[in-house]
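First the structure, in the form of structure tokens, and then the observations on it.
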Amino acid sequence: MSKKVTMQQIADHVGVSKFAVSKALAGKSGVSADTREKIIGAATQLGYFVQKKAKPANARAPLPESAGKSQRDTIIVLIPNVRYQNRHSFYWGRIIDGITNGLEEHQIGIMIVTEHITDNFAKLINPDGVLGLIGVGLISNQLLLEIRNLGIPFVMVDHEDPLIPSDSLFMNNFECMRRVTNYLLGNGHERLQFVGNIRYSKSFSDRWLGYRSMMEEMNVELDQWPELLTFEGDNRSEMTETLEAIIHRYMEEKELPTSFVCANDSIALCVMTVLMKLGVDIPGKCTVTGFDNIEDAALCKPTLSTVHVNKEALGQRAVETLLWRIAHPDSPKEKILLSGDFVLRESTAPASAAASM
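If you count the sequence shown from 1, position 47 lands on 47 in the UniProt record's numbering, and the numbers rise without skipping.
See the structure below:
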């Protein structure tokens with residue numbers, strides 16, 4: 001049997017003090033983000049988390065039958081509350097609605113907490129009254145460590161931390177985007193551009209990989225505009241302004257793509273706004289696709305072709321996954337992928353249509 005990995009070994013490996021390692025692994029403040037990431041990475045590499053179980057959660061009631069009858073009768077829903085990731089979002093809000101409905105079916109209480117007010121998570125909540133936690137969107141690994149060390153079972157929706165294993169739920173972003181790309185290629189589109197900051201989220205990254213893999217599989221040259229993979233903006237107004245500068249510049253230098261494949265609907269709506277401002281007919285000269293099927297996708301003109309994400313089902317499935325995890329704490333971690341449907345609307349047409357305009 002291998003020797004136990006100590007905090008001192010981790011400290012020596014990273015070149016920091018044992019005190020810094022202790023604080024980082026406890027999820028406490030006082031350690032810089034870069035140092036914390038190095039410490040967690042070293043701990044994972046050396047096998048520290050494999051040997052160290054999370055603090056046991058004593059006397060958890062069997063689930064789901066008696067979930068609401070135990071002393072622990074509340075599930076926390078943790079959201080970042082940044083950019084569009086908040087309770088009022090067309091996307092994230094519907095996921096939270098699904099979580100709420102799922103918990104109501106099991107008569108379990110809910111507490112919604114935003115990450116920016118969780119300076120000390122243990123002081124904010126009563127861990128002895130918490131049944132489990134569902135994280136929605138990007139949650140820092142510092143906070144995930146603290147949750148893990150408190151012994152609270154947790155499930156992540158649309159996010160996973162490479163250093164802190166957990167159950168996670170995603171749309172099957174990779175395959176859904178492959179399907180969209182395959183449809184466009186099958187309809188004669190060969191000059192495509194992916195639009196979305198691939199560092200923004202795991203979902204965006206997976207959608208880009210799905211798009212790229214289908215392009216490569218069909219032997220179609222990528223010729224990707226790099227700025228479209230890195231642009232930023234905290235709202236549609238900012239994104240539209242940024243995208244207008246990028247698209248206008250490339251239109252002067254290169255041939256207009258026949259299709260923009262966007263990482264989500266909000267980006268797609270911004271792209272359509274830019275194209276119409278520049279006098280580009282949609283879908284006559286250029287088609288646009290989105291992802292998520294938010295309400296605005298069916299209300300804009302032209303209506304937006306997009307991938308329908310059953311957001312409420314994603315939230316409800318997160319509840320079922322968490323209840324399973326509470327009842328089976330030692331079972332292998334799961335990554336659950338839900339499929340989506342490609343909804344064809346007015347923003348797409350065969351590439352031959354553009355040639356005849």
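Think of the CB as a built atom: it goes at the ideal place given N, C-alpha and C, for glycine as much as any other residue.
Quick caveat, the model's predicted, so the values are computed rather than measured.
| Asked | Found |
| --- | --- |
| Secondary structure, beta strand (DSSP E): runs of 3+ residues fully inside the stretch 111-193 | 130-136, 154-157, 167-171 |
| Stretch-stretch touch, CB-based, cutoff 8 Å, three pairs: the stretch 305-315 with the stretch 345-353 | yes |
| Within-8 Å CB hit, SER205 to chain B | As a matter of chain content, chain B is missing from the structure shown, which is built from one protein chain. |
| Contact check, CYS262 vs VAL220, beta carbons under 8 Å | no |
| Proximity of CYS286 and THR258 at Cβ, strictly below 8 Å | yes |
| Collapsed DSSP secondary structure at ILE282 in the structure displayed | coil |
| Bounding residues of the beta strand (DSSP E) (the contiguous stretch that carries PHE291) | Per DSSP, PHE291 belongs to no beta strand (DSSP E) and is neither H nor E. |
| DSSP three-state assignment for ILE198, whether helix, strand or coil | coil |
| Where ASP223 falls: helix, strand or coil (DSSP) | coil |
| Residues bridged to ASP73 [DSSP beta-bridge criterion] | Note: ASP73 sits in no beta bridge, so no partner. |
| Whole-angstrom distance between SER17 and ARG317, CA atom to CA atom | 42 Å |
| Sub-8 Å separation of LEU322 and ILE75 beta-carbons | yes |
| VAL274 - DSSP class collapsed to helix/strand/coil | helix |
| DSSP state of VAL14 mapped onto helix, strand, coil | helix |
| Same chain, Cβ closer than 8 Å to GLU65, neighbours up to 5 away in sequence not counted | In this prediction, GLU65 scores a pLDDT of 47, lower than 50, which makes its location untrustworthy; no coordinate-derived value is stated. |
| Delimiting residues of the alpha helix (DSSP H) encompassing ASP34 | 33-46 |
| Of the listed residues SER352, VAL5, SER168, ASN197, nearest to residue 361 (C-alpha basis) | Outside the shown range of the chain, which is 1 to 357, sits residue 361, and nothing can be said about it. |
| For ASP206, the three-state DSSP class (helix, strand or coil) | helix |
| Environment of LYS277 [buried if 16+ CB atoms lie within 10 Å] | exposed |
| Whole-angstrom C-beta distance between PRO153 and ILE326, which should lie under 8 Å | 5 Å |
| Bounding residues of the alpha helix (DSSP H) (the contiguous stretch that carries LYS335) | Looking at the DSSP string, LYS335 is not in any alpha helix (DSSP H); the run it does join, the beta strand (DSSP E), is 335-338. |
| Status (buried if at least 16 other CB within 10 Å, exposed otherwise) for MET171 | buried |
| Per-residue burial, ASN235 [other beta carbons within 10 Å of its own, 16 or more giving buried] | exposed |
| Same chain, Cβ closer than 6 Å to SER339, neighbours up to 5 away in sequence not counted | ASN172 |
| Terminal residues of the alpha helix (DSSP H) in which VAL319 lies | 311-327 |
| Where ASN58 sits in the DSSP three-state scheme | Caution is warranted here: a pLDDT of 45 is assigned to ASN58, below 50, making its placement in the model unreliable, and the coordinate value is therefore given only provisionally. Of the three classes helix, strand and coil, the one that applies to ASN58 here is coil, per DSSP. |
| Backbone CA spacing between LEU243 and LYS123 [nearest angstrom] | 43 Å |
| Cβ contact check for the stretch 174-183 and the stretch 131-147: 3 or more pairs under 8 Å | no |
| Three-way DSSP call (helix, strand, coil) for LEU25 in this model | helix |
| Same chain, Cβ closer than 7 Å to ALA351, five either side skipped, listed in chain order | ASN187, GLY188, HIS189, THR258 |
| Start and end residues, alpha helix (DSSP H) containing ASP97 | 92-105 |
| Backbone secondary structure at LEU269 - three-state DSSP | helix |
| Local conformation of ASP330 per DSSP, three classes | coil |
| Rounded separation between LEU163 and ASN141 - CA only | 8 Å |
| Of the residues ALA245, ARG191, THR181, ASP223, the one placed nearest MET214, counting alpha carbons only | THR181 |
| Residue range of the alpha helix (DSSP H) that includes THR242 | 236-253 |
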